[in-house]
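>
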Amino acid sequence: MLTIGELASYAGVTVRAVRHYHAKGLLPEPERDHSGYRRYDATAMVELIKIRTLAEAGVPLARVRELLQADEEAFAAAVADIDKRLRAEIRQRQRHRERIARLASGDNLVLPSVVVEHLDRLRALGVDERIVQVERDGWIPLAARSPERVPEWMARKREQLADPLLIGFYLTLGQALDRTDDDPQLVELADKLAAYITQMADERGEDYVDDTDIEPPLVKLMDTLAFDTVPPARRLIELLKKRGWTGWTELKRVDPAPAAAGTWQEDTAARRSGRHW
35 MLTIGELASY
45 AGVTVRAVRH
55 YHAKGLLPEP
65 ERDHSGYRRY
75 DATAMVELIK
85 IRTLAEAGVP
95 LARVRELLQA
105 DEEAFAAAVA
115 DIDKRLRAEI
125 RQRQRHRERI
135 ARLASGDNLV
145 LPSVVVEHLD
155 RLRALGVDER
165 IVQVERDGWI
175 PLAARSPERV
185 PEWMARKREQ
195 LADPLLIGFY
205 LTLGQALDRT
215 DDDPQLVELA
225 DKLAAYITQM
235 ADERGEDYVD
245 DTDIEPPLVK
255 LMDTLAFDTV
265 PPARRLIELL
275 KKRGWTGWTE
285 LKRVDPAPAA
295 AGTWQEDTAA
305 RRSGRHW
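Given below as structure tokens:
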């Protein structure tokens, strides 16, 4: 026979917990012996271990009482349900652990690995980190909105990055980041970009140039992110529109404005004014 302290120690709980289980009616409270102590037998220890195990598994005490009174078949079924819930919780916690572990790796937390590889490829090519960040911020909402299309878009990106012209555009844009809006070198960049887009659209179709098909509010948001991170981008878009293209996130072919010819000549003259990269 055991004292309450011995019972608690052997069962791995506190004396306070035993008394709490007495108060909740989960564990019968034995009569006191002639010395005034309550003595517990082996059955009490088995019941207490069952209570502790169920409680540690997250089973509410009211449910514990029900299970202790159930027959073997009902108890086994309940235990199976508890085990199923616990395994689901373990899987969820494991996912949380993986996400926390990935916090240190930055882009991996919010982007598919194929996009992260693309960003790393840009860095390896020497693309300015500010431009990489624009790409990263743009891919976050795209990947969240249409994850099933990311492999298709990334395949296209890989194909485009095989073209030295596009790589040259990225590098030139990086050099233009700290230029002012009236810098004539932006005109040269607009010429290169417009020529590249036009060639790509003529050879592969305009759907190849832009097939993101995203809502206007999201387009506006992504454009704002780009313009805030790369201020010359806004001026670059204005120059592109004079050359038959508009949009940053969503490229569209447009007719050059009637005054574009004269303006283009002014742009070209400014480009030839003597300043070079």
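If you're matching positions, the sequence shown starts at 35 in my numbering and goes up one per residue.
We put the CB at the ideal spot given by N, CA and C, even for glycine.
Quick caveat: nothing in here was measured; it's all calculated off a predicted structure.
Which one or two residues does DSSP pair with R72 in a beta bridge?
According to DSSP, R72 bridges with R66.
> Excluding the 5 residues flanking G160 on each side, which residues of the same chain have their C-beta closer than 7 angstroms to its C-beta?
Sequence-distant Cβ neighbours of G160 in its own chain, meaning closer than 7 angstroms and more than five residues away, are L205.
> Please classify P62 as buried or exposed, where buried requires at least 16 neighbouring CB atoms within 10 angstroms.
Counting every other CB atom within 10 Å of its CB across the protein chains shown gives P62 a total below 16, marking it as exposed.
> Reducing DSSP to helix, strand and coil, say where K84 ends up.
Helix at K84.
> Within 10 angstroms of its Cβ, does Y71 collect 16 or more other Cβ (buried), or is it exposed?
exposed
> Roughly how far, in whole angstroms, is the beta-carbon of P64 from the beta-carbon of Y55, given that I think they are within contact range, below 8 angstroms?
Between Y55 and P64 the Cβ distance is about 13 angstroms, and since that is not below 8 angstroms, they are no contact.
> Can you give me the C-alpha to C-alpha distance between D117 and G172, rounded to a whole angstrom?
When rounded, the distance between both Cα atoms is 42 angstroms.
> May I ask you to report which of helix, strand or coil DSSP gives A45?
Reduced to three states, the DSSP call for A45 is helix.
> Which residue from I83, T37, E90 puts its Cα closest to that of D67?
T37
> Let me see if you follow: with CB-CB separation under 9 angstroms, is D75 close to chain D or not?
Reference to chain D is not applicable here, since this structure consists of a single protein chain.
> In the DSSP assignment, find the unbroken alpha helix (DSSP H) run with R164 in it and report its ends.
Where R164 is concerned, the enclosing alpha helix (DSSP H) stretches over 163-179.
> Alpha helix (DSSP H) containing D257: first to last residue?
D257 -> alpha helix (DSSP H) spans 250-263.
> So, are the CB atoms of L95 and A104 less than 9 angstroms apart?
no
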